[in-house]
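Enquirer:
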Amino acid sequence: MDFDYSVSNSIATITLNRPDVLNALTLEIYAQLRDLFEELRYDDKVKVVIITGAGRAFCSGGDVHTIIGKVLKRNMHGHLEFCRMTGSLVRNMRLLPKPIIAAINGAAAGAGAVIALASDFRIIADSAKFAFLFTRVGLTGADMGAAFLLPRMIGQGRAMELLMFGDDVDAMTAEKYGLVNRVVPLDQVMPTARAAAEKLANGPSYSLGMTKLMVNNEWTMDINSAIEAEAQAQALMMMGEDHRIFYEAFKEKRKPEFKGK
Numbered sequence: 002m003d004f005d006y007s008v009s010n011s012i013a014t015i016t017l018n019r020p021d022v023l024n025a026l027t028l029e030i031y032a033q034l035r036d037l038f039e040e041l042r043y044d045d046k047v048k049v050v051i052i053t054g055a056g057r058a059f060c061s062g063g064d065v066h067t068i069i070g071k072v073l074k075r076n077m078h079g080h081l082e083f084c085r086m087t088g089s090l091v092r093n094m095r096l097l098p099k100p101i102i103a104a105i106n107g108a109a110a111g112a113g114a115v116i117a118l119a120s121d122f123r124i125i126a127d128s129a130k131f132a133f134l135f136t137r138v139g140l141t142g143a144d145m146g147a148a149f150l151l152p153r154m155i156g157q158g159r160a161m162e163l164l165m166f167g168d169d170v171d172a173m174t175a176e177k178y179g180l181v182n183r184v185v186p187l188d189q190v191m192p193t194a195r196a197a198a199e200k201l202a203n204g205p206s207y208s209l210g211m212t213k214l215m216v217n218n219e220w221t222m223d224i225n226s227a228i229e230a231e232a233q234a235q236a237l238m239m240m241g242e243d244h245r246i247f248y249e250a251f252k253e254k255r256k257p258e259f260k261g262k
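In our numbering, the protein residues as written are 2 to 262.
1. Measuring only the C-alpha atoms, how far is I224 from V216?
2. What residue does the alpha helix (DSSP H) around V91 start on, and which one ends it?
3. Quick test of your reading: I125 and V50, contact by CB under 8 Å. State the CB separation rounded to the nearest angstrom.
4. Classify G139: buried if its beta carbon has 16 or more other beta carbons within 10 angstroms, exposed otherwise.
5. Please confirm whether A103 and A112 have their CB atoms less than 7 Å apart.
6. So who's on the other strand from K130, going by DSSP bridges?
7. For R57, collect the residues of the same chain with a Cβ closer than 6 Å to its Cβ; drop the 5 residues on either side in sequence, then sort them by chain order.
8. How would you call M94, buried or exposed, if buried means at least 16 neighbouring beta carbons within 10 angstroms?
9. Give every residue of the same chain whose Cβ lies closer than 7 Å to the Cβ of S208, excluding the five residues on either side of it in the sequence, and list them in chain order.
10. What are the residues that DSSP puts in a beta bridge with D5?
11. Give the DSSP-derived three-state secondary structure of V65 in the structure shown.
12. Roughly how many whole angstroms lie between the Cα atoms of S128 and A175?
13. Quick one, are the C-beta atoms of L96 and G54 less than 7 Å apart?
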């Protein structure tokens, strides 16, 4: 793979590693990330994923030289094939029933901003910035699911502002908008992300996966459908082994050791 990948203590770490071009994505990296997030659905050794960048950027988006030059030579079907492929990366991230933490060490621009957006948690360095810059290069701000995800996270008014203007958004503004979970000094980005990942990895992984699934599904439900769906999901979880483990540990005044079942 054209990025670094490691697994330790049930935590997979993806490090985009092209620091000389601010971790810009190539066609191959897009496809490799898309496939990896699909494969992680079935990898029982991994309970949590961290994605970050090497050097001074998280990800500056698609590589202008290796993508735009190639894709512009394609016909309409070729362009659509590329756009569907990049969107599939985001879809696979959202469908992964495991928490994803974006450790944003530097600029997250274009596709990099959407990858961070598609994660479940965002830890950002106080010196880092976001930029949904698609309109700045003559494209629609609706790319890779950005127009679906961003309004649900920060509201339509703010989302319209970020997607239409494409301006840089500093870390403190991102926190004020609700775009990130935590702002920390640069040297604390990975330790903070790792601590959160370890807490999640030691938790009831099936419960966490069901929570992510329900949050995704309920975006398009009415209140009656949502309440009924939650009733069914919770009844299922109450019959799970982890809930029984909690109850036995509670009675014995000890910490539960969840099994993810």
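Note that the Cβ used here is the ideal one computed from N, Cα and C, for glycine as well.
Expert: Answer, in terms of the structure:
1. 13 Å
2. M77 to L96
3. No, I125 and V50 are not in contact; Cβ-Cβ is about 17 Å, not under 8 Å.
4. exposed
5. no
6. D171
7. G107
8. buried
9. M238 and D243
10. T16
11. helix
12. 12 Å
13. no
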